[in-house]
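Protein chains: 2
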Amino acid sequence: MIEPQIVEPDAASETETAILEAARDLLAAGGREALSMRAVASKVGLSATAIYHWFEGKEALVDRVVLHGFRRSEAYMWKAIEDLPPGSMDRVAALGEAYIRFALENREYFKIIFAIQTPVPRHIDDVPGQGGYRVLRQCVIEAMEAENIRRTDPDVVVLYLWSVVHGLVTIFMACDPKDLLAETGCCDELDEEELTIGLFGRFRELVRVGLEPAAARGGGDDA
Amino acid sequence: MIEPQIVEPDAASETETAILEAARDLLAAGGREALSMRAVASKVGLSATAIYHWFEGKEALVDRVVLHGFRRSEAYMWKAIEDLPPGSMDRVAALGEAYIRFALENREYFKIIFAIQTPVPRHIDDVPGQGGYRVLRQCVIEAMEAENIRRTDPDVVVLYLWSVVHGLVTIFMACDPKDLLAETGCCDELDEEELTIGLFGRFRELVRVGLEPAAARGGGDDA
DNA sequence: GCGTTAGGTTAACACTGTTACATTAACGCC
DNA sequence: GGCGTTAATGTAACAGTGTTAACCTAACGC
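Chains A and B are the protein sequences, given in the same order. Each residue of the first sequence is one higher than the one before, starting from 621 at the first, in my numbering. Each residue of the second sequence is one higher than the one before, starting from 621 at the first, in my numbering.
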């Protein structure tokens, strides 16, 4: 059994947390471009250069804000599965739904994490994967042991599941969902989040069947 | 049968195309932040303000570059399926692989398209979906008619397939794949693109089974 | 009391996108 | 030929950016 290991935020000075909060608000409101050192400074009541005493530069400041977002997302994931039976597909599905909900409710965090301004990909520990990835991985392994998912390379399955939800979220952040589903007609009067979750629900059946052990399908052609 | 409808690029002046090429190069080299009006100008041999005679501003310039990227991606997709039999799953898979290859070989285009700097999602016609989405949609419908995909809402299937490949690509652009697959060990000595394609190959089986018509699975529990 | 450090300041540099305005050349028109 | 108009470019400048250098001030250890 895995346990939530949420690292306590490093004990920070009042000024430091004030800067971080101001930065978070600016980031959430208008994205990376809206976060200027001078804007942060004036929110906190300091001069812009004072921030450099607490953070190496803008990049480092953004990184710290994002790191905080990771921790929140990790907690969000843990909460999503805590009441569900280990090894069940419900747990896997709940993680997917939590991922989507967190992404849509914390768009700016999410965008910045995957904005990929840096040409070099980050280390996994610096991405919401850290918490989320490992939780999902554990759930998948448990589901395999419970014969709810066919036995195969768990990393492949984890990345597959992650791709589905991550792809859905990022596509819907870039394109208007109602545009894509215009002909399906299932979308009016739903807000974006419910629409995305609804679509995720439709995906679940496709995913479940694909991951089913061969026994459940009456055949034996598993690889 | 659908035909490639690649819109000819609007006849542009020499200066205009020179600006666009310079902008494209800068964008590809260092992302949106590396594209400054002055840098573009000096590459073309003009003053920065001259660009404003051809483009409304930086945003418009970037948009035009991206638009050009869309057209290339559309052509890329068409080429990927032209020799494969309509209605086959091979066509669907080839589109997925083409999407991945194009994204990885044109990272900067791709990043910018999905960078989502604008808070409001774009219209579908302004996203690589335009070409790619419709091609994929048609291929899915044909595969349904050929009984290679279970009959259900095609838009759901299309978005599902798109999510899988798009998610995979964006995750691998943000995180180091070798990090994620460290324990699987299938990654050494492969470059990133081949690794991604290889993983996509592993996904295909999961996706194929999930989309199979009920008849092929020996059961009758389709919805 | 003195040195050191933490926490802050102002001034300045080298950039950025963008605008206002002036310039030059080419064209149609009478 | 001269005139007006327009296309295409230039210079100067503005307001904003991240960042650095240098300076100040209060608190602390010794």
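Virtual Cβ for every residue (Gly too), placed ideally from N, Cα, C. Everything numeric in this text was worked out from a predicted model, so none of it was measured.
In the DSSP annotation of this structure, the continuous segment of the alpha helix (DSSP H) that includes R684 (chain A) starts and ends at 678-701. Look at G830 (chain B): its C-beta is under 8 Å from a C-beta on chain A. Residue environment for A766 (chain B): exposed (fewer than 16 other C-beta atoms within 10 angstroms of its C-beta). At least one CB of chain B lies nearer than 8 Å to the CB of Y780 (chain A).
Separation of A668 (chain B) and D645 (chain B) (C-alpha to C-alpha, rounded to the nearest whole angstrom) is 17 Å.
Distance from the CA of G650 (chain A) to the CA of L647 (chain B), rounded to the nearest whole angstrom, comes to 22 Å. A distance below 8 Å separates the beta carbons of I701 (chain B) and R711 (chain B). Residues of the segment 785-804 of chain A with a C-beta atom less than 9 Å from some C-beta of chain B are V785, H786, G787, L788, V789, T790, I791, F792, M793, A794, C795, D796, P797, D799, L800, L801, A802, E803, T804, listed in chain order. Think of a sphere of 7 Å around the beta carbon of L826 (chain B): the chain A residues whose beta carbon falls inside it are Y780, G830, L831, in chain order.
Taking 8 Å as the threshold, the shortest C-beta distance from D775 (chain B) to chain A falls below it. Following the DSSP letters along the chain, one finds Y729 (chain B) inside the alpha helix (DSSP H) bounded by residues 727-733. For H786 (chain A), the closest alpha carbon among the candidates A:R658, A:I733, A:P706 is that of A:I733. Pairing A763 (chain B) with G707 (chain B) gives a Cβ-Cβ distance under 8 Å. At a cut-off of 8 Å between beta carbons, L666 (chain B) makes no contact with chain A. When Cβ-Cβ separations below 8 Å define contact, F722 (chain B) makes no contact with chain A. Here S693 (chain B) is buried. Its C-beta has 16 or more other C-beta atoms within 10 Å.
Closest in alpha carbon position to L756 (chain B), among B:N726, B:T637, B:Y696, B:Y672, is B:Y696.
Taking CB atoms only, F823 (chain B) has a neighbour in chain A less than 8 Å away. In this structure, DSSP gives E641 (chain B) a helical state, which the three-state scheme calls helix.
Using beta-carbon distances, L819 (chain A) counts as an interface residue toward chain B, with a partner under 8 Å.
For K663 (chain A), the CB contacts under 7 Å within the same chain, skipping 5 residues up- and downstream, are A642 in chain order.
At a beta-carbon threshold of 7 Å, the residues of chain B lying near F734 (chain A) are T790, A794, ordered along the chain. Following the DSSP letters along the chain, one finds F820 (chain B) inside the alpha helix (DSSP H) bounded by residues 812-831. Judged by beta-carbon spacing, L826 (chain A) lies beyond the 8 Å limit of L819 (chain B), meaning their Cβ atoms are not closer than that value. V682 (chain A) sits away from L715 (chain A), with the two beta carbons spaced by 8 Å or more. Here F722 (chain A) carries a helix assignment [DSSP, helix/strand/coil].
For L687 (chain B), the closest alpha carbon among the candidates B:A713, B:E728, B:V829, B:A661 is that of B:E728. If you compare the alpha carbons of A:E679, A:L640, A:E676 with that of V660 (chain A), the shortest gap goes to A:L640. The criterion of a C-beta distance shorter than 8 Å is satisfied by T816 (chain A) and L724 (chain A). Put simply, of B:E679, B:T772, B:D773 the residue whose alpha carbon is nearest the alpha carbon of R652 (chain B) is B:E679. CA-CA distance, N768 (chain A) to L801 (chain A), rounds to 31 Å. In summary, S633 (chain B) is exposed, with fewer than 16 beta-carbon neighbours lying within 10 Å of its beta-carbon over all protein chains present. Within the same chain, Cβ atoms closer than 6 Å to the Cβ of R771 (chain B) are found at M764, the five residues on either side in sequence being excluded. With fewer than 16 other beta carbons inside 10 angstroms of its own, K699 (chain A) counts as exposed. Between S783 (chain B) and chain A, the shortest Cβ-Cβ separation is below 8 Å.
When the beta-carbon positions are compared, M657 (chain A) and R828 (chain A) stay at least 8 Å from each other.
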